[in-house]
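The structure appears below as C-alpha cells.
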Amino acid sequence: MSDLIVSNAHLTARTARNATALLARRAGDPSAALHLRARDFTVRHDFIGPGYGIPTPAGTEAAREFFEREGLTAEPTYTAKALAGLKAAAPALPAGTRVLFWLTCNSRPTENLRP
C-alpha cells in the first residue's frame, strides 16, 4: 500500500524478473527465468483507503477472515488491505487459478531465528 511512484506494474515486473532469474540461477538452469512484462501484472491502488497506515473496513474484515480460516494475523497497514484486494479480485479468477500472495512484511520476532 503505497504511492504509484513505487507501486506500479513496471516495478513489479522488474522485481519478478529479477526474482525468477535468481531462482533459476540457484536451481542451475538460468533459462528457466521468466520474461515478465508490466502487462503480465494487475496492480490495484483502490484498496489503500484514506491513506497509509489507516485501517479500512474492507481490510479489517479480510484480516478477520484470514485469521478464522488460516490462523494467521494480518496487520492493517499493508497485509489486511492487500487481502481485501485479493478477496475482491478472487470471484473473477477462473477456477483453478493459482495466486501467489507474497507477504514481505512480518511483525514476528526474529531474534531466535536460525540462519
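Position 70, counted from 1, in the sequence shown is what our numbering calls 192; the numbers after and before it change by one each time, with no gaps.
Note that the Cβ used here is the ideal one computed from N, Cα and C, for glycine as well.
#1: Ignore the nearest five residues each way along the sequence and tell me which others in H132's own chain have a CB closer than 7 Å to its CB.
#2: So which of E233, A211 and N234 has the shortest CA-CA distance to F169?
#3: Cβ of A143 versus every heavy atom of the ligand SAM: is any distance shorter than 7 Å?
#4: What's the gap between the Cα of A196 and the Cα of T178?
#5: Would you check if the region 175-189 and the region 201-217 touch, i.e. whether three or more CB-CB distances between them fall below 8 Å?
#6: Give the secondary structure of F223 by DSSP, where H, G and I count as helix, E and B as strand, and everything else as coil.
#7: Quick check: the Cα distance between R148 and Y200, rounded to an integer number of angstroms?
#8: Out of T219, L225, T134 and P216, state which residue places its alpha-carbon closest to the alpha-carbon of R166.
The short version:
#1: A160
#2: A211
#3: The model on display carries no ligand, and the ligand SAM is accordingly not part of it.
#4: 13 Å
#5: yes
#6: coil
#7: 30 Å
#8: T134
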